[in-house]
Structure formats: C-alpha cells, structure tokens
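Residue numbers (the UniProt record's numbering): 1 to 119.
From the three backbone atoms N, C-alpha and C, an ideal C-beta is built for every residue, glycine too.
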C-alpha cells in the first residue's frame, strides 16, 4: 500500500476559534465540510471536529486518518497482516474510505481520492 500522508484528528469545542489557531500554525487555509452532525475543518495535517458528543465519541476512537493511493490495496495489505476491516470501503464526497482495527487494537481510517469505478 502506498501511504501518501497522515491527518491527526482533534476534537474542539469552538471550531471557528480553533480554525484560526491551526491556520496560523500550519500556514494552510481551512477546508470545511460536514460529516453527519459533525462540523469538520481540514487544516494542513489536522482534521478539526466539533459537534454532538455522541458522534464525537465514535470519531475519537479513530487514531488518525491515513491517505493512501488506493483503498483496495490497503484492504489487501491490512487483511494480510491480520487487521479487521470495521467499515467500508465506502464512497465519500472526495473518494473512498475504510476503517480498520490493527492487530494491536489501534483503529485507523484509510482514504483515497478515487471515485467508484475509477481505475
């Protein structure tokens, strides 16, 4: 699997205030989107998340988001090392994702930028 980068997940109480801090620290402009009832801002290597505690508690269980070239390759490699695929692969607005539990118990989200049917 080709790992292209990693994003850290940060749950915040005030998304607007946090965006200013992380934009200044990273020099990157925030890209905002919704994930269910959670407001998210991608700022450099960070995913800032704010919303209902019930939804945030689920998202906190995922250690990080790992960008990969191809989610299908990730499934093959994860399965080969004994990881459990918890969810996905599923289409998202920007590609596909899956959530996997590694043999050590760590949970990661894997994402690619491929659309369904894209080679």
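Cut-off 8 Å between Cβ atoms - residues of its own chain near residue i, not counting five sequence neighbours on either side
{"i": "residue 30", "result": "19, 22, 23, 41, 42, 43, 48"}
{"i": "residue 77", "result": "1"}
{"i": "residue 114", "result": "70, 71, 95, 96"}
{"i": "residue 61", "result": "107"}
{"i": "residue 92", "result": "111"}
{"i": "residue 26", "result": "43, 44, 45, 46"}
Contacts around residue i, its chain only, beta-carbon distance under 7 Å, and the 5 residues preceding and following it disregarded
{"i": "residue 69", "result": "2, 4, 112"}
{"i": "residue 28", "result": "43, 44"}
{"i": "residue 37", "result": "51, 52, 55"}
{"i": "residue 75", "result": "85, 89, 98"}
{"i": "residue 63", "result": "106, 107, 108"}
Bridge partner(s) assigned by DSSP for residue i
{"i": "residue 51", "result": "In the DSSP output, where bridge partners are listed per residue, residue 51 has none listed."}
{"i": "residue 100", "result": "85, 108"}
{"i": "residue 3", "result": "68"}
{"i": "residue 75", "result": "None; residue 75 has no bridge partner."}
Status (buried if at least 16 other CB within 10 Å, exposed otherwise) for residue i
{"i": "residue 96", "result": "buried"}
{"i": "residue 89", "result": "buried"}
{"i": "residue 100", "result": "buried"}
Host beta strand (DSSP E) of residue i (start-end)
{"i": "residue 92", "result": "84-92"}
{"i": "residue 35", "result": "31-35"}
{"i": "residue 40", "result": "38-43"}
Cut-off 6 Å between Cβ atoms - residues of its own chain near residue i, not counting five sequence neighbours on either side
{"i": "residue 142", "result": "With the chain running from 1 to 119 in the structure shown, residue 142 is simply not present."}
{"i": "residue 32", "result": "41"}
{"i": "residue 9", "result": "47"}
{"i": "residue 87", "result": "99"}
{"i": "residue 67", "result": "4, 5, 111"}
{"i": "residue 73", "result": "1"}
Endpoints, the alpha helix (DSSP H) within which residue i is located
{"i": "residue 21", "result": "15-26"}
The ligand ZN heavy atom lying under 6 Å from the CB of residue i
{"i": "residue 101", "result": "The ligand ZN is not among the ligands present in this structure, which contains no ligands whatsoever."}
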